[in-house]
Amino acid sequence: MAVILAVDPGREKCGLALVDEKTGVIWQRVVPAAELMTTVGQFVQQGAVQTVVAGDRTGSAKFKTQWDQSGLSAKARLVFVDEHMSSVEGRRRYLRDHPGKGLRRLLPIGLKTPDQPFDDYVAVILAERFLKKNASLGME
Numbered sequence: 041m042a043v044i045l046a047v048d049p050g051r052e053k054c055g056l057a058l059v060d061e062k063t064g065v066i067w068q069r070v071v072p073a074a075e076l077m078t079t080v081g082q083f084v085q086q087g088a089v090q091t092v093v094a095g096d097r098t099g100s101a102k103f104k105t106q107w108d109q110s111g112l113s114a115k116a117r118l119v120f121v122d123e124h125m126s127s128v129e130g131r132r133r134y135l136r137d138h139p140g141k142g143l144r145r146l147l148p149i150g151l152k153t154p155d156q157p158f159d160d161y162v163a164v165i166l167a168e169r170f171l172k173k174n175a176s177l178g179m180e
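Set out below in structure tokens:
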């Protein structure tokens with residue numbers, strides 16, 4: 041399996057994360073929804089990934105339609121994973137990694153608000169869920 045591309049599809053913006061099953065996160069970004077298929081296509085066409093993992097809720101139907109029309113399924117497989125509570129986990133991880141400055145550092149995470157989109161962190165969570173599920177099934 042090696043490297044997977046995780047996608048948190050949304051209406052206006054989407055989170056992307058390139059994750060190696062052994063070393064972890066290689067790359068992560070938030071991109072406008074209009075650029076999603078171009079970015080995914082670049083990774084798949086370069087042969088960087090053979091598996092694309094996507095959340096199964098907001099934006100997933102549109103992403104599936106775009107995927108089917110793109111012809112990328114000949115080069116990589118698309119797998120949907122349960123997105124339940126992934127935004128909450130992604131928010132928590134973003135705030136942990138970006139604690140803020142000054143007095144803001146002292147606030148509990150529950151009282152902080154992210155200062156930028158964290159959809160890429162949600163994509164990382166989705167990748168981890170996929171890898172964990174496949175490891176527990178003994179799949180490589």
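Under our numbering, the first residue of the sequence shown carries the number 41, and numbering increases by one thereafter.
Here a beta-carbon is modelled for each residue, glycine too, at the ideal position from N, C-alpha and C.
Cβ-Cβ distances below 6 Å link leucine 171 to Glu61 in the same chain, with the five nearest sequence neighbours on each side left out; the list follows chain order. It is roughly 12 Å from the alpha-carbon of aspartate 48 to the alpha-carbon of methionine 125. DSSP places threonine 91 within a strand segment (E or B) once states are collapsed to three. In terms of CA proximity to glycine 55, Leu45 leads the group Gly64, Leu45, Thr63.
In the DSSP assignment, alanine 57 falls within the unbroken beta strand (DSSP E) covering 53–60. Counting every other CB atom within 10 Å of its CB across the protein chains shown gives glutamine 82 a total below 16, marking it as exposed.
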